[in-house]
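This report refers to the structure that appears directly beneath it.
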Amino acid sequence: MYQLNERQKQAVETISGAVLVLAGAGSGKTRVLTERVAYLINGKNVAPWQILAITFTNKAAQEMKERIAGVVSADMRDMWISTFHAMCVRMLRRYADSLGYTKNFLIYDTDDTLRLLKKILERMGLKENKSYSDRYIKNLISKYKNDNTTLDFAQYAEERNPFVADHAGEIFDEYTQELHKQNAMDFDDLLLNTLTLLETVDEARIYYQNKFHYIMVDEYQDTNMVQYKLIKILSGGYGNIFVVGDDDQSIYAFRGANIRNILEFEKDFPGAAVIRLEQNYRSDKKILDVANCVIKNNEGRKGKTLWSNIDDGEKPVLYTAGSEYEEAETIAREIQRLSDEGTRYADMAILYRIHTLSRILEEKLRLYAVPYRIYGGISFYERKEIKDMIAYLNIIANPAADLQLLRIINTPKRAIGMAKIDALARAAEYGGMSILEVMQKAEALLSDKALIKKAKEFYEMYERMCENAEELTVHELLERAYEISGYKKMLEEEQTPEAEARMENIAELINSAYTYDEEEEASLEGFLQNIALITDLDSMDDKGGVTLMTMHAAKGLEFDTVFIAGMDEAIFPSQRAIDEDNIEEERRLCYVAVTRAKRKLYMLHSNMRTLYGRTQPSVRSRFLDEIDDSLLNEIGKKKPVISAKQPASASERKGLFSGGFGFQKKAVPQKVSGDYKIGTIVEHKTFGRGKVKSIAGEGDSRVAVVDFYEAGEKKMFLAFASLKILK
DNA sequence: TACGTTAGGATTTTT
DNA sequence: TCCTAACGTA
């Protein structure tokens, strides 16, 4: 491993006071963080329990733990290396009662939160009101909590969206009350309540301020207002606060991150040292030039210029395609070529702004037999089957967990529908008891015969699940619930690839429970209390395919070769960002995407694109225009060319990279295609099949007269018509 | 209650 | 275009 450079060394050894390290992409910030911990412990005799290191994801925390363990011999179990949320849970479990919760409070994840809000909105009769969608309200509440303003929610909401002013306050109050009644906190409450704890409970504040002599925060540009305040208080004892971040990589404003935290660090912590890490050890100089060219157009930034000693690669490529099909095919073909040259699939990635672009990419990768893996979408613990199984565990551990019970009361199907659920819930409300209790005493409490029967059946099943539960390990309980509930049978009978995947996921869950059971003090309660915070069980196992992911998901990763697809206006930057004038964050995203590449970078744009069912001419991204022409190897058509659903012409498919790039080695099956000519048989979605009678015009305005067999003669702009060429 | 049809909506995502 | 959620019907 290389020697630390001067700046890195300075960052490692400046241990007292406030320090801001502006660490550009690939500048070795993780290295600095681990070396610094090692320096504190080995060199300065700091005890591990006096150190607090905070990350954003479990994965990052895990990685840091492993790397520190490699360079430090001291016992690290006493050192706090965790995410913000895990840290808060730890503090709250200790002091929960001083905030009016019990120590075993529940953590509501996104899904639980949405369910609860749905219930409240329905109760208030706002279900059909489009202004009050559950997702929107959830985001608004989350933003409100993250911002930590002095406004109350009703005011906050009204400022942002007058259409929601009437009921915002009431919804929020209901939501808060309901959570508290359930002894539950949502993700944002974890942070917010910890802040309240530290602000109002002297004992807790003094304890932690004295405990943590050295505090370190990774990815500081992603912190929100509450997180900033937490850090501010926690470092109030010794004042040794060390944050690492890159304002140019702040891409999470939409979920509450506030870039002001990093921009104003020196104001927030007067006398702070600022260290810039600008030497990049990852990318070729030519790639960094592109990144610098783009990011320098941002106004609100600290200012950094990345440089690199590596300079033996090729110029980044800008490829202009005629259609998204051609774009995808170009990528697939080039990947195939690079693979033949010896680049491993796992060292290549395709990045895009929106998930929807992955579909066509997938299609073409399959066509060219390129192995790939798609990341994103739902994470392991958000999957339905996993949440269902967890719900079963939850009701075993806590019979009063109504929300969890409702989740699985009719999964698998038990003929307990809306009407029956309603009746049960009402009886529970009326009797002041849980729904399970109602089912237990069904005969005494209910009158409907069919309902009593169902309730008894369910309760008997539940009892079998709970039988000597205390003596069983978590994975045993899971296996039993899986069987007894009929969930296993349901999936087995489905006989679809989806059900197959679900079964594999549940097997994976049981497996992770098994691992947990090995721990000391393993208990069902312990397992459930931590599970809401775990998310990346499906961590990146490289099975060796090309990686497809959003640019957001790619932050922190690196690849030898990176393709950025869909560099079109309205996609990247997104239409929303253009409308709301949020271009700077998009530009930072572009910077992140570009700097993922180590040796080769391809940026692609298409002159024509079908998105959400509409085929439209597409203009190249403004970010591409910001790059000096001399830095890029431009390939492909400059002028928009007409293309229907298939790549335009046979001559184009042969040598897409006509400048000497990728000729095709493998024969690949192709669908019939060709250019529009008089006599071409075409198909239109509504008009059906027809024959081209004449063509006039040029470029975008090329018009064809088509004689449809059934609909008769129609004049069509080829650029918009979305005609399928049959012959 | 379950299933088929239709209308509307469609970024980015961790905990 | 495609997916989901909500609605109406057997």
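All residue numbers for the first sequence refer to UniProt numbering, where the first residue is 1 and numbers rise by one.
Cβ coordinates follow ideal geometry from the N, Cα and C atoms, glycine included.
Here the structure is a predicted model, which means the values were calculated and not measured.
Cα-Cα separation between Ile68 and Gly556, rounded to whole angstroms: Here the question's residue 68 lines up with position 68 in the first sequence. Here the question's residue 556 lines up with position 556 in the first sequence. Ile68 and Gly556: Cα-Cα distance of roughly 18 angstroms.
Complete runs of the alpha helix (DSSP H) confined to the region 54 to 127 [at least 4 residues]: 58 to 71, 84 to 95 and 110 to 123
Own chain partners of Leu491 with C-beta closer than 7 angstroms, once the 5 adjacent residues on each side are dropped: Looking up residue 491 in the first sequence gives position 491. Correct list, in chain order: Ala499, Arg502 and Met503.
Buried versus exposed call for Ile678 [16 or more other C-beta atoms within 10 Å across all chains shown]: Reading the first sequence from its first residue, position 678 is the one you call residue 678. It is exposed - the Cβ of Ile678 has fewer than 16 other Cβ atoms within 10 Å.
C-beta contact flag for Tyr238 and Asp186 at 8 angstroms: Against the first sequence, residue 238 aligns to sequence position 238. Against the first sequence, residue 186 aligns to sequence position 186. Against a cut-off of 8 angstroms, the Cβ pair of Asp186 and Tyr238 comes out as no contact.
Within 8 angstroms, strictly: CB atoms of Glu299 and Arg609: Counting from 1 along the first sequence, the entry for residue 299 is found at position 299. Counting from 1 along the first sequence, the entry for residue 609 is found at position 609. No, they are not a contact pair.
Buried versus exposed, by CB contacts within 10 Å (16 or more), Pro497: The residue given as residue 497 occupies position 497 in the first sequence. By the 10 Å Cβ count, Pro497 comes out exposed.
Nearest residue (CA-CA) to Gly70, options Ser98, Leu306 and Val37: As a first step, residue 70 is located in the first sequence; it is residue number 70 there, counting from the start. Looking at the Cα atoms, Val37 is the closest of the given residues.
Cβ separation of Asn183 and Gly256, assumed to be a contact under 8 angstroms, to the nearest whole Å: Walking along the first sequence from the start, residue 183 turns up at place 183. Walking along the first sequence from the start, residue 256 turns up at place 256. About 25 angstroms; that fails the 8 angstroms criterion.
Environment of Asn505 [buried if 16+ CB atoms lie within 10 Å]: Sequence index remark: in the first sequence, residue 505 carries index 505 (1-based). Result: buried.
Three-way DSSP call (helix, strand, coil) for Ala455 in this model: Within the first sequence, the letter at position 455 stands for residue 455. Helix at Ala455.
Three-way DSSP call (helix, strand, coil) for residue 728 in this model: Outside the shown range of the chain, which is 1 to 727, sits residue 728, and nothing can be said about it.
Separation of Pro412 from Ser485, as counted between CA atoms: By one-based count along the first sequence, residue 485 stands at place 485. By one-based count along the first sequence, residue 412 stands at place 412. The alpha-carbon atoms of Ser485 and Pro412 are separated by roughly 7 angstroms.
Closest residue to Lys229 among Asn240, Leu306, Ile409 and Glu199 (Cα-Cα distance): As a working mapping, residue 229 is identified with position 229 in the first sequence. Checking every option, the nearest Cα to that of Lys229 belongs to Glu199.
Distance CB(Glu569)-CB(Ser606) smaller than 8 angstroms: Here residue 569 corresponds to residue number 569 of the first sequence, with the count starting at 1. Here residue 606 corresponds to residue number 606 of the first sequence, with the count starting at 1. It is not a contact, given that the beta carbons lie outside the stated cut-off.
Rounded distance between the beta-carbons of Ile331 and Lys350, thought under 8 angstroms: Translated into the one-based positions of the first sequence, residue 350 becomes position 350. Translated into the one-based positions of the first sequence, residue 331 becomes position 331. A quick correction: the sequence has Ile, not Lys, at residue 350. Rounded, the Cβ-Cβ distance is 6 angstroms, consistent with contact.
Nearest residue (CA-CA) to Tyr9, options Glu159, Ala291, Thr34 and Lys441: On the first sequence, position 9 is the one that residue 9 refers to. In the sequence as displayed, the identity of residue 9 is Lys instead of Tyr. Lys9 has its Cα closest to that of Thr34, out of Glu159, Ala291, Thr34 and Lys441.
Beta-carbon proximity check, Tyr462 vs Leu436, cutoff 8 angstroms: For the purposes of this step, residue 462 is identified with residue 462 of the first sequence, where counting begins at 1. For the purposes of this step, residue 436 is identified with residue 436 of the first sequence, where counting begins at 1. Cβ distance < 8 angstroms, so Tyr462 and Leu436 count as in contact.
For Leu52 and Ile531, the rounded distance between their alpha carbons: As a first step, residue 531 must be located in the first sequence, where it is residue number 531. As a first step, residue 52 must be located in the first sequence, where it is residue number 52. If I take the Cα positions, the gap works out to 22 angstroms.
Terminal residues of the beta strand (DSSP E) in which His605 lies: The residue labelled residue 605 in the question sits at position 605 within the first sequence. Counting along the chain, the beta strand (DSSP E) containing His605 begins and ends at Ala597 to Ser606.
Reference Glu483; option with closest CA among Arg464, Ala469 and Glu494: Taking the first residue of the first sequence as 1, we reach residue 483 at position 483. For Glu483, the nearest C-alpha among the options comes from Arg464.
Assumed close pair Thr320, Gly636 - CB separation to whole angstroms, cut-off 8 angstroms: Mapped onto the first sequence, residue 320 falls at position 320. Mapped onto the first sequence, residue 636 falls at position 636. Contact flag correct, Cβ pair sits at about 4 angstroms.
Simplified DSSP state of Tyr238, which is helix, strand or coil: Taking the first sequence and counting its residues from 1, the one referred to as residue 238 is at position 238. Note: Tyr238 maps to coil in three-state DSSP.
Alpha carbon of Lys488 to alpha carbon of Gln495, nearest angstrom: As a position in the first sequence, residue 488 is number 488, starting the count at 1. As a position in the first sequence, residue 495 is number 495, starting the count at 1. Cα to Cα, Lys488 sits roughly 12 angstroms from Gln495.
Cβ pair count under 8 angstroms reaching 3, the region 15 to 28 against the region 273 to 290: yes
Cβ-Cβ separation, Ala253 to Ile262 (assumed contact under 8 angstroms), whole Å: Stepping through the first sequence from its first residue, residue 262 is reached at position 262. Stepping through the first sequence from its first residue, residue 253 is reached at position 253. With a Cβ gap of about 12 angstroms, Ile262 and Ala253 do not count as contacting.
As assigned by DSSP and simplified to three states, the class of Arg620: As a position in the first sequence, residue 620 is number 620, starting the count at 1. Of the three classes helix, strand and coil, the one that applies to Arg620 here is strand, per DSSP.
Residue of Asp112, Asn5, Leu589 and Arg115 minimising C-alpha distance to Ala291: Translated into positions along the first sequence, residue 291 becomes position 291. Measuring from the Cα of Ala291, the nearest candidate turns out to be Leu589.
Environment of Ser630 [buried if 16+ CB atoms lie within 10 Å]: Position 630 of the first sequence holds residue 630. Exposed, since its Cβ has fewer than 16 Cβ neighbours within 10 Å.
Assigned secondary structure, Arg301 (DSSP; H/G/I helix, E/B strand, else coil): For the purposes of this step, residue 301 is taken as the residue at position 301 of the first sequence. In the three-state scheme derived from DSSP, where H, G and I count as helix and E and B as strand, Arg301 is classed as coil.
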